[in-house]
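Residue numbers for the sequence shown follow our numbering, beginning at 10 and rising by one.
Virtual Cβ for every residue (Gly too), placed ideally from N, Cα, C.
Working notes for the structure below.
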Amino acid sequence: MPDYITIITPIETSYIEPCRQYLRENAEPEVGMRCRPRFRFDLIPNLHFASFVVLEAAADFGPSLVFEATFDGTKADFLSDLLRVAGIGMHELYQHCAGYPVSGLTSPELAKEYFVGHDAGAHIYFSGSPGRTVAQIKDENRIHLGITRYFSRLQDGGVSAPRLNGLFGDLRGFIARRVSRRWAEQQAPVPWEVRFRTTIATAAGVAALILACLIGALAVAACGWRLQSLSSAIPALFDDAGRFGSSIVSRLAGSASEIPAMLFPVIGLTAIWLLLRCGELFLISWSRHPRDQFFFRRVPLHVAVILTYGAFIFLTGAVLQALIEEVGKSAGAVGYSVLVHLFVLFVLVVVLAGLQYLATSLKISVELKKLTGPQENWRRLWLDLVRVAMAITVAGCILVASRYMPSVFDEESAKSLLSGALAIAACGLIGVFALYAIGLLFLSILRVRELLDGRKFADPVALEARASINAKKYAREEGGNNRFQNHLTSLTRVKPGFVHGVALRATLFVINLLSRFWFNVGTLGEIPTILSARWVLIDGGRRLLFLDNYGGAWDSYLNEFIDLTAVKGLNAIWTNTFVEVEGKKGQCYGFPQTSFYFWKGAQAEQPFKAYVRESQVETVAWYSAYPLLSVVNINTSTAARQSLSEPLTAAEIDAVVQNL
10 MPDYITIITP IETSYIEPCR QYLRENAEPE VGMRCRPRFR FDLIPNLHFA SFVVLEAAAD
70 FGPSLVFEAT FDGTKADFLS DLLRVAGIGM HELYQHCAGY PVSGLTSPEL AKEYFVGHDA
130 GAHIYFSGSP GRTVAQIKDE NRIHLGITRY FSRLQDGGVS APRLNGLFGD LRGFIARRVS
190 RRWAEQQAPV PWEVRFRTTI ATAAGVAALI LACLIGALAV AACGWRLQSL SSAIPALFDD
250 AGRFGSSIVS RLAGSASEIP AMLFPVIGLT AIWLLLRCGE LFLISWSRHP RDQFFFRRVP
310 LHVAVILTYG AFIFLTGAVL QALIEEVGKS AGAVGYSVLV HLFVLFVLVV VLAGLQYLAT
370 SLKISVELKK LTGPQENWRR LWLDLVRVAM AITVAGCILV ASRYMPSVFD EESAKSLLSG
430 ALAIAACGLI GVFALYAIGL LFLSILRVRE LLDGRKFADP VALEARASIN AKKYAREEGG
490 NNRFQNHLTS LTRVKPGFVH GVALRATLFV INLLSRFWFN VGTLGEIPTI LSARWVLIDG
550 GRRLLFLDNY GGAWDSYLNE FIDLTAVKGL NAIWTNTFVE VEGKKGQCYG FPQTSFYFWK
610 GAQAEQPFKA YVRESQVETV AWYSAYPLLS VVNINTSTAA RQSLSEPLTA AEIDAVVQNL
């Protein structure tokens, strides 16, 4: 994973403008990312991005100089390289910063100690292409361009292979023909966080379930119950489900006498699960788009999801109980019933094959035709029903076969073990609801805080009128070196109070974990344009600094935050902040008001964009090692390289060729 440094140093007030001027003349690369003699960033082979920002003095904060960098290797090695290629420039720049050693130019180790001592790190760090070094990104891009040129020549000459396998064989031959390209045949190293991403997520989920079971057990004990009494309540639950299932069969068929009694709990719980799943799909369609997702719409959905999983667990328990009752009942028996059961088994296998075909058809239908919201809900519901029917069919096959298998366990012991397992599952369900209730309590506290903030801070709608005043902050965007990549610096103040401080730090901690262990495949909350970003609490946690390298235009980039699921994380961070307008002492504007911490907020598009512009600080100097590439370009090139050494299906080959 790339490392990073965020050096924040106080500077003399009289040096603010000379500092900016020095950076523009000596540190800001010329057009084409040609570095100036004082700051030869291009001679640091492991440097991805670097920027300089000057933070103005405020009422209770002095001016500061910020230098951020993203690089491969260690901080010590990077600082050594930086002082080697830009020692004079760094000395001339920092000699007006408080505490910088006078002999920093002649004693690089003193300068390194100074920089390390002023490194603020990051409370959230995200990389859009984790594990890729600068050299790897550039080399893979050259391979990518070479492959696309090769394909273009084949097409122009009309000699391209007619089949995908032949086409991909030509591609591999193109790589192997030249020694300078053969390195691409080797698999690129993948960080362990990415390799074990699913394993880590599964382990976290299991740990959360264990915690829920423990909390549920404590809740049960607090109510004066014991696990044994909860276990003994499981058969009564199955009896109630059985009566419900029997009533369903009686209403549909007129009589339930032909169906074995052991199947009634399965029928009853299947009906309950189906009702819950239908409600869940309705609630999903009700708030599918992030702009339609509000607290009072999402809470019923979350409850429906929890209950659906709970019903499925008990449905599984009912099936297992039926199997326990049937095992060994006809062991050793030979007669007419054996032929009947063999025929039933054959029919079930044929039904299972048909259901598998139907499930596959439903899965690929969404790829063949774009479905509307209601059509997608019906597709998902039918797919769920087919999967449940498949599970019940498999259970039926096992049920038939188990009658002729010798029992290897005592029926009562097996039922007791099953009841105990379901009692633990019930504790887990209770624990999940308990944790959810605690979460709702915290969100209610935050909601009260939001309403109080609405009275204390001015509406950011008024900031829209300051667009022309803030224009100098973003004059560099989408021009010169920033045609394809841009840099954003945002500085906000943290709202006072214990609740905001704790909520913000907890949010930053959680999102940082997610950025490292889950959002490590090129997107942050579905946003595919962030190359490298960090959030840093500075000044004792009283201000929040956001430094971001992103691809594309500023306006479309912010629209991604608004329209995708990342809006919840953005709201959770910036709802704890405000901006103070320059020259208007005491005039503070809050972030667009959120609802229950995660909802609304940035979805008020114009006030949100005005708030970001007001918080934005001019990036005085910025460097990128690959200014023409996007995150998608980088990750596509790596994926193409990885595919060269892997056996691929026709569909996978087609996907690689389309990406190229």
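query = What separation, rounded to the nearest whole angstrom, lies between the Cα atoms of V343 and F177?
reply = By one-based count along the sequence shown, residue 343 stands at place 334. By one-based count along the sequence shown, residue 177 stands at place 168. With a pLDDT of 48 at V343, under the threshold of 50, the predicted position of this residue should be treated as unreliable, though the coordinate-derived value follows. Cα to Cα, V343 sits roughly 58 angstroms from F177.
Could you name the residues of the same chain whose beta carbon sits closer than 6 angstroms to that of V590, not counting the 5 residues immediately before and after it, in chain order? Counting from one through the sequence shown, the residue named residue 590 turns up at place 581. Excluding positions up to five away in sequence, the list reads Q596.
- Message: Check for me: the alpha helix (DSSP H) holding L554 runs from which residue to which?
- Response: For this step, residue 554 is matched to residue 545 along the sequence shown. Segment R552 to G560 is the beta strand (DSSP E) holding L554; no alpha helix (DSSP H) there.
D564 - containing alpha helix (DSSP H), residue span: By 1-based counting over the sequence shown, the position of residue 564 is 555. Start and end: W563 to D572.
- Environment of S161 [buried if 16+ CB atoms lie within 10 Å]: Sequence index remark: in the sequence shown, residue 161 carries index 152 (1-based). By the neighbour-count rule (16 or more Cβ atoms within 10 Å), S161 is not buried but exposed.
Inset, instruction - Please name the residue, chosen from T369, S370 and S633, that lies closest to N491 on a Cα-to-Cα basis. - result: Here residue 491 is taken as the residue at index 482 of the sequence shown, counted from 1. Taking the Cα of N491 as reference, the smallest distance to any Cα among T369, S370 and S633 is reached at S633.
Per-residue DSSP class, three states only, for W192 = Along the sequence shown, read from residue 1 onward, the residue named residue 192 stands at position 183. W192: helix per DSSP, three-state reduction.
Handout entry: Simplified DSSP assignment, three categories, for C597
Key = Locating residue 597 in the sequence shown gives position 588, counting from the first residue. In this structure, C597 counts as strand in the three-state DSSP scheme.
Find the nearest neighbour of L272 within the set L285, S259 and G254, judged by alpha-carbon distance.
For the purposes of this step, residue 272 is taken as residue 263 along the sequence shown, with counting starting at 1. Selected option, being the one with the closest Cα: G254.
field: Buried versus exposed, by CB contacts within 10 Å (16 or more), Q625
entry: What you label residue 625 is simply residue 616 of the sequence shown in a count that begins at 1. Looking at its Cβ environment, which holds 16 or more other Cβ atoms inside 10 Å, Q625 is buried.
query: Which partner residues of W201 appear in the DSSP bridge assignment?
result: Translated into positions along the sequence shown, residue 201 becomes position 192. Paired residues: none, contrary to the question.
Worksheet item: Roughly how many angstroms separate the alpha carbons of I407 and L332, rounded to a whole number?
Response: Position 398 of the sequence shown, counting from 1, holds the residue named residue 407. Position 323 of the sequence shown, counting from 1, holds the residue named residue 332. Roughly 8 angstroms separates the two Cα atoms.
Is the distance from the Cβ of L17 to the Cβ of A129 below 8 angstroms? In the sequence shown, counting from the first residue as 1, residue 17 sits at position 8. In the sequence shown, counting from the first residue as 1, residue 129 sits at position 120. Note on identity: in this sequence residue 17 is Ile, with Leu being the wrong assignment. The answer is yes: Cβ separation under 8 angstroms.
*Residues bridged to I17 (per DSSP)*: One-based indexing of the sequence shown puts residue 17 at position 8. Note: I17 sits in a beta bridge opposite V75.
*With 16 other Cβ atoms within 10 Å as the buried cut-off, status of G488*: On the sequence shown, residue 488 is found 479 positions in, with the first residue counted as 1. With fewer than 16 other Cβ atoms within 10 Å, it is exposed.
Cα-Cα, which of F605, T538, N580 and F507 is closest to S639? Along the sequence shown, one-based indexing puts residue 639 at 630. The shortest C-alpha separation from S639 is found at T538.
- Task: Return the CA-CA distance between G326 and T317, expressed in angstroms with no decimal places.
- Result: On the sequence shown, position 317 is the one that residue 326 refers to. On the sequence shown, position 308 is the one that residue 317 refers to. When rounded, the distance between both Cα atoms is 14 angstroms.
| request: Could you name each continuous beta strand (DSSP E) segment of 3 residues or more that falls completely within the stretch 380 to 405, going from the start of the chain to the end? | output: none
Review point. According to DSSP, is V590 helix, strand or coil?
Key: Counted from its first residue, the sequence shown places residue 590 at position 581. It is coil, neither helix nor strand.
Nearest-angstrom Cβ-Cβ length linking R389 and L290, presumed shorter than 8 angstroms
Locating residue 389 in the sequence shown gives position 380, where the first residue counts as 1. Locating residue 290 in the sequence shown gives position 281, where the first residue counts as 1. With 8 angstroms as the limit, R389 and L290 qualify as a contact, their Cβ atoms being about 6 angstroms apart.
Can you tell me which of the three DSSP states S138 falls into? Start at 1 with the first residue of the sequence shown, and residue 138 comes out as number 129. The answer is coil: DSSP assigns S138 none of H, G, I, E or B.
| field | Limits of the beta strand (DSSP E) - the one that H496 falls within | value | To locate residue 496, count along the sequence shown from 1; it is residue 487. Element bounds for H496: Q494 to V503.
- Spell out the partners DSSP gives W527 in its beta bridges. Your numbering for residue 527 matches position 518 in the sequence shown. Bridge partners of W527: none, in fact.
_For a test of the three-state rule: what should DSSP assign to C44, helix, strand or coil?_
Locating residue 44 in the sequence shown gives position 35, where the first residue counts as 1. Looking at C44 - three-state DSSP - the assignment turns out to be coil, as it is neither helix nor strand.
- Express the C-alpha separation of V629 and A480 in angstroms, rounding to a whole number. Here the question's residue 480 lines up with position 471 in the sequence shown. Here the question's residue 629 lines up with position 620 in the sequence shown. Those two C-alpha atoms are separated by around 14 angstroms.
Notebook entry, point to check: For N652 versus E149, is the C-beta spacing smaller than 8 angstroms?
Noted result: Within the sequence shown, numbered from 1, the residue matching residue 652 stands at position 643. Within the sequence shown, numbered from 1, the residue matching residue 149 stands at position 140. Here residue 652 turns out to be Ser, not Asn, going by the sequence shown. Not in contact: S652 and E149 (Cβ atoms no closer than 8 angstroms).
Whose CA, out of T532, W608 and G578, lies closest to the CA of N642?
Translated into the one-based positions of the sequence shown, residue 642 becomes position 633. If we check each option's Cα against that of N642, T532 comes out closest.
Point to revise | Which of helix, strand or coil DSSP assigns to A484 | key: If you number the sequence shown from 1, residue 484 lands on position 475. Coil at A484, not helix or strand.
If I follow the unbroken alpha helix (DSSP H) through V641, where does it start and stop?
Position 632 of the sequence shown, counted from the start, is the residue given in the question as residue 641. Note, V641: alpha helix (DSSP H), V640 to S652.
* To do: Just confirm the distance between the C-beta atoms of F135 and S477, as a whole number of angstroms; I'd bet it's less than 8 angstroms.
  => In the sequence shown, residue 135 corresponds to position 126, counting from 1. In the sequence shown, residue 477 corresponds to position 468, counting from 1. Not quite, the Cβ-Cβ distance comes to about 32 angstroms (not below 8 angstroms), so this is no contact.
**Message:** Can you look up T325 in the DSSP assignment and give me helix, strand or coil?
**Reply:** Along the sequence shown, read from residue 1 onward, the residue named residue 325 stands at position 316. Three-state result, T325: helix.
Rounded Cβ spacing between G440 and A221 (contact assumed at less than 8 angstroms): The residue you call residue 440 lines up with position 431 of the sequence shown. The residue you call residue 221 lines up with position 212 of the sequence shown. G440 to A221, Cβ: 3 angstroms. Contact.
query = At which residues does the beta strand (DSSP E) containing W234 begin and terminate?
reply = Walking along the sequence shown from the start, residue 234 turns up at place 225. Premise fails: W234 is in no beta strand (DSSP E) and is neither H nor E.
> Roughly how many angstroms lie between the CA atoms of V359 and A404, to the nearest whole one?
Replying inline: Taking the first residue of the sequence shown as position 1, residue 359 is located at position 350. Taking the first residue of the sequence shown as position 1, residue 404 is located at position 395. Near 14 angstroms, if we compare the C-alpha coordinates of A404 and V359.
Terminal residues of the beta strand (DSSP E) in which F2 lies: Nothing in the structure corresponds to residue 2, since the chain is present only between 10 and 669.
Exercise. If you count every other CB in all the chains shown that lies within 10 Å of the CB of T79, and 16 or more means buried, which is it?
Worked result: Residue mapping note: residue 79 aligns to position 70 of the sequence shown, counting from 1. With 16 or more other Cβ atoms within 10 Å, it is buried.
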